[in-house]
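Numbering (our numbering), first residue to last: 13 to 316.
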Amino acid sequence: MPEGVKLTRLFHKQRAFENADLIIDASTSIAVERNLALDNSYGDARRSSVFLNPKGTELVLLYEDTERKYRLDLLEMTYYRMLIVDERLNDHLSVSEKQRTNSFSCRAESSIIDYDNVGLLASIASQQLKKLYASNDAKIAIWRISAGNSVVDYINIPLSDWQLFDINGVKVYIINDVISIMKEQRLSSGTLETGGVFFGCYDKDRQIIYVLHSHPAPIDSKHGPTSFVRGCNGLKEVQDSINLKTYYQVRYLGEWHSHPSGSNTPSTLDKKQFDEMSTDHLLQNIPFVQAIIGDNGVYVNALI
Numbered sequence: 013m014p015e016g017v018k019l020t021r022l023f024h025k026q027r028a029f030e031n032a033d034l035i036i037d038a039s040t041s042i043a044v045e046r047n048l049a050l051d052n053s054y055g056d057a058r059r060s061s062v063f064l065n066p067k068g069t070e071l072v073l074l075y076e077d078t079e080r081k082y083r084l085d086l087l088e089m090t091y092y093r094m095l096i097v098d099e100r101l102n103d104h105l106s107v108s109e110k111q112r113t114n115s116f117s118c119r120a121e122s123s124i125i126d127y128d129n130v131g132l133l134a135s136i137a138s139q140q141l142k143k144l145y146a147s148n149d150a151k152i153a154i155w156r157i158s159a160g161n162s163v164v165d166y167i168n169i170p171l172s173d174w175q176l177f178d179i180n181g182v183k184v185y186i187i188n189d190v191i192s193i194m195k196e197q198r199l200s201s202g203t204l205e206t207g208g209v210f211f212g213c214y215d216k217d218r219q220i221i222y223v224l225h226s227h228p229a230p231i232d233s234k235h236g237p238t239s240f241v242r243g244c245n246g247l248k249e250v251q252d253s254i255n256l257k258t259y260y261q262v263r264y265l266g267e268w269h270s271h272p273s274g275s276n277t278p279s280t281l282d283k284k285q286f287d288e289m290s291t292d293h294l295l296q297n298i299p300f301v302q303a304i305i306g307d308n309g310v311y312v313n314a315l316i
């Protein structure tokens, strides 16, 4: 394509987004949604994403606030967290048993979904997008069609705040729910160290890590006044469950532990663990996050 044509298209694209108040993503593409959330060239317009679950029985809506405090990528991560912790959503992303093979499609298999359901959920999406446009608030919600009676159930997903840790250009977002869990488990462990396992998502190109879930120390963990050895009992089953609930979008990211008294400064052993674990993860082209919670808050180190 001639260079002049490329520049003309880019110019018109920028003008279109500069004049927009709302950008709606209905692509069902994570790459598109992340790009809209994090690329400032789209201007200050609010972003929204709407999509159906694989069975076509549930509508998901992510909607930013006018200040864009709750960015689309952070809303996506909050949604994933709820898939893990809310039992009502255990089968939300399960795949339809009715599938067909498309010989001439980029997707070899596609789910067969009910057109009536699509029409009903599309109408809800249209109505809600217009309604939320008049509000300044962010929103995460799911509408579910009950089998047999066509009743639509509404599931509101609470918004969560995030803390950002910038480690040499690597941005680590930790959801406040996880930090609260770390504080509670440190307190309940008394004079003994404790810890847990981080799960979440990452964007290697943009050097971003999202920590959205923490699993507590397995029962075979060893707790001491100045040491903590995290066990492994049941962790495979935990990861398998998270894989099913989030359709393999959420993975193991790293470890956290507590210092019962004193600061969160990493010890020599903590630094050695980070070096060994991060090196092993980088060889697999995946990130590693280490966090320590002490009297003075949370310390975070990460490589991606």
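A virtual CB, placed ideally from N, CA and C, is assigned to each residue, including glycine.
Query: DSSP three-state assignment for valine 190, whether helix, strand or coil; Result: helix
Query: Test item: CB-CB of valine 72 and isoleucine 36 under 8 Å; Result: no
Query: Residues near alanine 137 in its chain [Cβ-Cβ closer than 7 Å; skip 5 each side]; Result: Val62, Leu71, Leu73
Query: For alanine 303, the residue or residues it bridges with in DSSP; Result: Trp268, Val312
Query: Three-way DSSP call (helix, strand, coil) for arginine 80 in this model; Result: coil
Query: Cβ pair proline 3, glycine 212 closer than 8 Å; Result: Outside the displayed span of the chain (13 to 316) sits residue 3, for which this structure offers no information.
Query: Helix, strand or coil at alanine 153 according to DSSP, with G and I counted as helix; Result: strand
Query: Limits of the unbroken alpha helix (DSSP H) element including glutamate 249; Result: 247–258
Query: Nearest-angstrom Cα separation, counted from aspartate 189 out to asparagine 129; Result: 34 Å
Query: Terminal residues of the beta strand (DSSP E) in which aspartate 165 lies; Result: 164–168
Query: Exposure of valine 241, with buried meaning 16 or more beta-carbon neighbours within 10 Å; Result: exposed
Query: Residue closest to aspartate 232, alpha-carbon to alpha-carbon, out of Gly207, Asp98, Tyr260, Leu176; Result: Gly207
Query: Three or more C-beta pairs below 8 Å linking the region 149–166 and the region 268–276; Result: no
Query: Backbone secondary structure at leucine 73 - three-state DSSP; Result: strand
Query: Reduced DSSP category for valine 209 - H, G, I as helix; E, B as strand; rest coil; Result: strand
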